[in-house]
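**Student:**
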Amino acid sequence: MEIKVRLFATLRENRGKELMLTLPEKATPADVINELDIPKADVAILLVNGRDGDFNQELNEGDVVSIFPPVGGG
Amino acid sequence: MNGYAGKILRINLSDHTYKTENLDHEKALKYIGGRGLGSRIMAEEVPPTVDAFDPKNKVIIATGPLTGTPAPAGGRYMVVTKSPLTGTIASSNSGGYWGSELKFAGYDLLILEGKSPKPVNIFIEDDKIAFKDAGHVWGKIVSETTSILAEEAPDKAKILCIGPAGENLSKISAVMNDINRAAGRSGVGAVVGSKNLKAIVVKGSSRPKIADSEKLKEVVKESRGKIKDNGVTGQGLPTYGTAVLVNIINEGGVFPTNNFQTTYFDKAENISGEHLAENFLVKRESCFACPIACGRYAKADEIEGGGPEYETIWAFGAACGIDDMKSVIKANYWCNEMGLDTISAGVTIAAAMELYQRGKITDEEIDEGLSLKWGAADSLVSWVKKMGRREGTIGDKMAEGSYRMAEHYGMPEVSMAVKKQELPAYDPRGIRGQGLQYATSNRGGCHVRGYMISPEILGLPQKLDRFAIDGKAEWVKIFQDLTAYIDSAGLCLFTSFAIDAEGYAKLTNAVLGTDFTQEDLLEAGDRIWNLERDYNLKAGIDPSQDTLPRRLLNDPIPDGPSKGNVTRLEEMLPKYYEIRGWTEKGIPKPETLEKLSV
Ligand code: SF4
Chain W
34 MEIKVRLFAT LRENRGKELM LTLPEKATPA DVINELDIPK ADVAILLVNG RDGDFNQELN
94 EGDVVSIFPP VGGG
Chain Y
25 MNGYAGKILR INLSDHTYKT ENLDHEKALK YIGGRGLGSR IMAEEVPPTV DAFDPKNKVI
85 IATGPLTGTP APAGGRYMVV TKSPLTGTIA SSNSGGYWGS ELKFAGYDLL ILEGKSPKPV
145 NIFIEDDKIA FKDAGHVWGK IVSETTSILA EEAPDKAKIL CIGPAGENLS KISAVMNDIN
205 RAAGRSGVGA VVGSKNLKAI VVKGSSRPKI ADSEKLKEVV KESRGKIKDN GVTGQGLPTY
265 GTAVLVNIIN EGGVFPTNNF QTTYFDKAEN ISGEHLAENF LVKRESCFAC PIACGRYAKA
325 DEIEGGGPEY ETIWAFGAAC GIDDMKSVIK ANYWCNEMGL DTISAGVTIA AAMELYQRGK
385 ITDEEIDEGL SLKWGAADSL VSWVKKMGRR EGTIGDKMAE GSYRMAEHYG MPEVSMAVKK
445 QELPAYDPRG IRGQGLQYAT SNRGGCHVRG YMISPEILGL PQKLDRFAID GKAEWVKIFQ
505 DLTAYIDSAG LCLFTSFAID AEGYAKLTNA VLGTDFTQED LLEAGDRIWN LERDYNLKAG
565 IDPSQDTLPR RLLNDPIPDG PSKGNVTRLE EMLPKYYEIR GWTEKGIPKP ETLEKLSV
């Protein structure tokens, strides 16, 4: 299935802003960060379709995964 | 006295006299300083029903006991007064270097009273105080005023002033210091303007006494370590500044767009922190003794200056449907020059755009060559300048803030404000605790009275479900109380991403020689909160004003990741009143005030 991944701040370095990943059925955000070589510790905020996501939730075709490193306040 | 300078400078602007008074140490410890002590003095000396521009209103400029000490980010001061925008007690906070300098001059607080017959500047150099004519800087923008006065001042003096907006009594004008730091909110600049005071120049030569210097060294090292190790204060804020929030808030679908009509801005990337850092950032800036250095300094074409912050980018950006970062940087620059609050200025332009969209403002009223269409980036700077100088029909109305402007056009509901103060950059329909915080904030629409974004979005100190209702009242109370303490101590709120109440207690105790526990600090915050509430009630700010704009209560978010949600304030408010020890109607119970000995 195709998953859209959006990366922010320092996670963009050498990876880009937005990627399409082809992953097997039942893949999870944990698989996404593995694929992109992002250490779990660098993930401060994980969203799936804009909602709080979980590393182990099953993704569905067309889902958007947004990943942020620790970021600041306003 | 440790931490405190021990003196108050009371200035009578009507006859250009002054006197120094000893700080009441017991009272200071009870209300800490800054916002808390300033509010206490307001409650004692300024009748709550006074008109903000009446000479009987006072402006209290207050440092905290940690201001000017080595405590991290301890450079803050507060401007406490009765707000012309909200009618509530106002306390607006600023960083930079001016606050610590006031402390070095030997004063914890300045109390400004009366009204000068003519524009005046005050020069303070330790115990030498001088009143000097301000005719030559009246009407001048902030950078010009600052450089002219720097020539007249002792070397390395720090300068606080108002811009044309404050002189013109704009209800959304700021007090500026060090050129681009602002005590921005609630129209405090206009109160200074109403007193015909343009600037306060200060230079000091002493340092606050520290109760236990060795201990302080140790605790400062520990808290600096925490700041460095924390992802937000150690990496996020230093690298991207606050602007990094643009993408995260937008991704969650809570980034108010076109005056809160929608909450996802499809062009957010163009105004993001990442885009700012790559294309416009010149350097980072820091305030006194701050290891975080979140400040930005950006350049767009011929314009170069401090900022823009996240809230500002949003207010001039998404709130107005604008995705042109250059225009945002320039609008921010001109807000600083005019001495305007960037949040209120941007949201007021957004409200004008909606009034235009709904046919309330017509083309005939709009100054030639300008536009109020969504996304009208080219007009942004002109609107800011007109607002600051009250030029033209619309500029003059904008200077009154969004609420009064929208009310004039018969559509007050278009003003995205609480207690007439414009809301910041987070749609509470998808961040419910923040909604409760907005509604109950003692100075109206504001995010820094309790930054619920921290747990609800950033997951700090722990992740809360942003759509949940349960437990939010308790969290809001703790955040509000701790913030009241931080604001009173003279520290920057951003330290709270890394330092907890216990850490603050350690810093405070090392400086003051006290033995405060974290519970004591929260209790002091609670006391300050209740004092402000009591003042507001006496000022006629009815609890029915603990609410949000109709749109946020009734209209579900139309699309994007937070689609379908409203704020559900009515489900949280009763619980909040209860845990505050207030009646169902939102009035502090006598026993609550007694317990806290307000
Ligand atoms: S964190 Fe930012 S605003 Fe706060 S004191 Fe440091 S530089 Fe100033």
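Sequence lines, in order, name chains W and Y.
Taking this note's numbering, the leading residue of the first sequence gets 34, the next gets one more, and so forth.
Taking this note's numbering, the leading residue of the second sequence gets 25, the next gets one more, and so forth.
Every residue gets a Cβ at the ideal spot worked out from N, C-alpha and C, and that includes glycine.
Counting only Cβ pairs nearer than 7 Å, list the residues of chain W close to residue 281 of chain Y.
**Tutor:** Position 257 of the second sequence, counted from the first residue, corresponds to residue 281 of chain Y. Residues of chain W passing the Cβ test: none, with the nearest at roughly 14 Å.
**Student:** Is there at least one Cβ from chain Y nearer than 7 Å to residue 101 of chain W's Cβ?
**Tutor:** Working through the first sequence from its first residue, we reach residue 101 of chain W at position 68. Residue 101 of chain W counts as touching chain Y.
**Student:** Measuring straight from C-alpha to C-alpha, what distance separates residue 553 of chain Y and residue 395 of chain Y?
**Tutor:** Position 529 of the second sequence, counted from the first residue, corresponds to residue 553 of chain Y. Position 371 of the second sequence, counted from the first residue, corresponds to residue 395 of chain Y. For residue 553 of chain Y and residue 395 of chain Y, the distance between alpha carbons rounds to 42 Å.
**Student:** So, is the C-beta of residue 42 of chain W closer than 7 Å to a C-beta in chain Y?
**Tutor:** For the purposes of this step, residue 42 of chain W is taken as residue 9 along the first sequence, with counting starting at 1. It does; some Cβ of chain Y falls within 7 Å.
**Student:** Is residue 97 of chain Y close to ligand 1? I mean its beta-carbon at under 6 Å from any heavy atom of the ligand.
**Tutor:** Mapped onto the second sequence, residue 97 of chain Y falls at position 73. For ligand 1, at least one heavy atom lies less than 6 Å from the Cβ of residue 97 of chain Y.
**Student:** Could you list which residues in chain W have their beta carbon closer than 9 Å to that of residue 489 of chain Y, in chain order?
**Tutor:** As a working mapping, residue 489 of chain Y is identified with position 465 in the second sequence. Residues of chain W passing the Cβ test: 85.
**Student:** For the structure I just gave you, are there three or more beta carbon pairs, one from the segment 368–382 of chain Y and one from the segment 410–423 of chain Y, closer than 8 Å?
**Tutor:** Short answer: they touch.
**Student:** Going by CA-CA distance only, name the one from Y/160, Y/170, Y/207, Y/154 that's closest to residue 99 of chain Y.
**Tutor:** Residue numbering aside, residue 99 of chain Y sits at position 75 when the second sequence is read from its first letter. That would be Y/207, whose Cα lies nearest to the Cα of residue 99 of chain Y.
**Student:** Tell me the residue span of the beta strand (DSSP E) that contains residue 99 of chain W.
**Tutor:** For the purposes of this step, residue 99 of chain W is taken as residue 66 along the first sequence, with counting starting at 1. Where residue 99 of chain W is concerned, the enclosing beta strand (DSSP E) stretches over 97–101.
**Student:** Do residue 534 of chain Y and residue 132 of chain Y count as a contact pair if the criterion is CB distance below 7 Å?
**Tutor:** The residue you call residue 132 of chain Y lines up with position 108 of the second sequence. The residue you call residue 534 of chain Y lines up with position 510 of the second sequence. Not a contact, by the Cβ cut-off of 7 Å.
**Student:** Spell out whether any CB of chain W is found under 7 Å from the CB atom of residue 261 of chain Y.
**Tutor:** Residue mapping note: residue 261 of chain Y aligns to position 237 of the second sequence, counting from 1. Output row for residue 261 of chain Y: interface = yes.
**Student:** In the DSSP assignment, find the unbroken alpha helix (DSSP H) run with residue 25 of chain Y in it and report its ends.
**Tutor:** Here the question's residue 25 of chain Y lines up with position 1 in the second sequence. No alpha helix (DSSP H) holds residue 25 of chain Y; DSSP gives it neither H nor E.
**Student:** Does residue 306 of chain Y pass the burial test, meaning 16 or more other C-beta atoms within 10 Å, or should it be called exposed?
**Tutor:** The sequence position of residue 306 of chain Y within the second sequence is 282, counting from 1. Flag for residue 306 of chain Y reads exposed.
**Student:** Going along chain A, which residues have a C-beta under 7 Å from residue 319 of chain Y?
**Tutor:** You won't find chain A in this structure, because its protein chains are W and Y.
**Student:** Within its chain, find whatever has a CB closer than 7 Å to the CB of residue 173 of chain Y; leave out the 5 residues flanking it on each side and keep chain order.
**Tutor:** Reading the second sequence from its first residue, position 149 is the one you call residue 173 of chain Y. Contacts found: 145, 161, 183, 223, 225.
**Student:** Residue 332 of chain Y versus chain W: which residues are under 8 Å apart at the beta carbon?
**Tutor:** Sequence index remark: in the second sequence, residue 332 of chain Y carries index 308 (1-based). Chain W residues near residue 332 of chain Y: none, gap ~11 Å exceeds 8 Å.
**Student:** Span of the alpha helix (DSSP H) holding residue 287 of chain Y?
**Tutor:** Along the second sequence, read from residue 1 onward, the residue named residue 287 of chain Y stands at position 263. Run containing residue 287 of chain Y: none; DSSP gives neither H nor E here.
**Student:** Can you round the beta-carbon distance between residue 608 of chain Y and residue 601 of chain Y to whole angstroms, since I take them to be within the 8 Å contact cut?
**Tutor:** As a first step, residue 608 of chain Y must be located in the second sequence, where it is residue number 584. As a first step, residue 601 of chain Y must be located in the second sequence, where it is residue number 577. At roughly 6 Å, the Cβ-Cβ gap stays under 8 Å, so residue 608 of chain Y and residue 601 of chain Y are in contact.
**Student:** Assuming the contact rule is C-beta atoms closer than 8 Å, residue 66 of chain Y and residue 82 of chain Y should be a hit. Round their C-beta distance to whole Å, please.
**Tutor:** As a working mapping, residue 66 of chain Y is identified with position 42 in the second sequence. As a working mapping, residue 82 of chain Y is identified with position 58 in the second sequence. Indeed they touch by this definition, with Cβ atoms about 7 Å apart.
**Student:** Can you check whether the C-beta of residue 479 of chain Y is within less than 7 Å of a C-beta belonging to chain W?
**Tutor:** What you label residue 479 of chain Y is simply residue 455 of the second sequence in a count that begins at 1. Closer than 7 Å: no.
**Student:** Is residue 316 of chain Y near ligand 1 - that is, is its Cβ less than 6 Å away from at least one heavy atom of it?
**Tutor:** Taking the first residue of the second sequence as 1, we reach residue 316 of chain Y at position 292. Residue 316 of chain Y Cβ: within cutoff of ligand 1.
**Student:** Cβ closer than 9 Å: which chain W residues qualify as neighbours of residue 125 of chain Y?
**Tutor:** Residue numbering aside, residue 125 of chain Y sits at position 101 when the second sequence is read from its first letter. Under the 9 Å cutoff, chain W gives no residues; its nearest Cβ is about 26 Å from residue 125 of chain Y.
**Student:** Run through the DSSP bridge pairs and tell me what residue 307 of chain Y is partnered with.
**Tutor:** The count along the second sequence starts at 1 and reaches residue 307 of chain Y at position 283. Paired residue(s): Y/321.
**Student:** Using beta carbons (cut-off 7 Å, strictly below), is residue 336 of chain Y in contact with chain W?
**Tutor:** Residue mapping note: residue 336 of chain Y aligns to position 312 of the second sequence, counting from 1. No, no contact with chain W.
**Student:** Are the beta-carbon atoms of residue 511 of chain Y and residue 58 of chain Y separated by less than 7 Å?
**Tutor:** Indexing the second sequence from 1 puts residue 511 of chain Y at position 487. Indexing the second sequence from 1 puts residue 58 of chain Y at position 34. Cβ atoms of residue 511 of chain Y and residue 58 of chain Y: closer than 7 Å.
**Student:** Compare the C-beta of residue 277 of chain Y with all C-beta atoms of chain W and state if any pair is closer than 7 Å.
**Tutor:** Numbered from its first residue, the second sequence carries residue 277 of chain Y at position 253. Taking Cβ atoms only, chain W reaches closer than 7 Å to residue 277 of chain Y, which makes this a yes.
**Student:** Starting from residue 126 of chain Y, trace the alpha helix (DSSP H) both ways and give me its first and last residue.
**Tutor:** As a first step, residue 126 of chain Y is located in the second sequence; it is residue number 102 there, counting from the start. Its alpha helix (DSSP H) spans residues 122–128.
**Student:** With a cut-off of 7 Å, does the C-beta of residue 63 of chain W fall near any C-beta of chain Y?
**Tutor:** To locate residue 63 of chain W, count along the first sequence from 1; it is residue 30. Taking Cβ atoms only, chain Y never reaches closer than 7 Å to residue 63 of chain W, which makes this a no.
**Student:** Using a threshold of 6 Å, is the CB atom of residue 516 of chain Y nearer than that to any non-hydrogen atom of ligand 1?
**Tutor:** Working through the second sequence from its first residue, we reach residue 516 of chain Y at position 492. Residue 516 of chain Y: yes, Cβ under 6 Å from ligand 1.
**Student:** Count the other CB atoms, across all protein chains shown, that sit within 10 Å of the CB of residue 429 of chain Y; report buried if there are 16 or more and exposed otherwise.
**Tutor:** By 1-based counting over the second sequence, the position of residue 429 of chain Y is 405. Buried, because 16 or more other Cβ atoms sit within 10 Å of the Cβ of residue 429 of chain Y.
**Student:** At the 7 Å Cβ level, is residue 77 of chain W part of the contact set with chain Y, yes or no?
**Tutor:** Locating residue 77 of chain W in the first sequence gives position 44, counting from the first residue. Yes, its Cβ sits closer than 7 Å to a Cβ of chain Y.
**Student:** Reducing DSSP to helix, strand and coil, say where residue 435 of chain Y ends up.
**Tutor:** For the purposes of this step, residue 435 of chain Y is identified with residue 411 of the second sequence, where counting begins at 1. In this structure, residue 435 of chain Y counts as coil in the three-state DSSP scheme.
**Student:** Give the interface partners of residue 98 of chain W over in chain Y, defined as CB-CB distance under 8 Å, in chain order.
**Tutor:** As a position in the first sequence, residue 98 of chain W is number 65, starting the count at 1. Within chain Y, no residue comes near residue 98 of chain W; the closest Cβ sits about 10 Å away, beyond 8 Å.
**Student:** Looking at residue 322 of chain Y and residue 304 of chain Y, is the spacing between their C-beta atoms short of 7 Å?
**Tutor:** Position 280 of the second sequence holds residue 304 of chain Y. Position 298 of the second sequence holds residue 322 of chain Y. The answer is yes: Cβ separation under 7 Å.
**Student:** Is residue 185 of chain Y helix, strand or coil by DSSP?
**Tutor:** Residue mapping note: residue 185 of chain Y aligns to position 161 of the second sequence, counting from 1. Correct three-state label for residue 185 of chain Y: strand.
**Student:** Between residue 102 of chain Y and the rest of its own chain, which residues show a CB-CB distance below 6 Å, the 5 nearest in sequence each way excluded?
**Tutor:** Counted from its first residue, the second sequence places residue 102 of chain Y at position 78. 58, 59, 62, 86, 115, 117.
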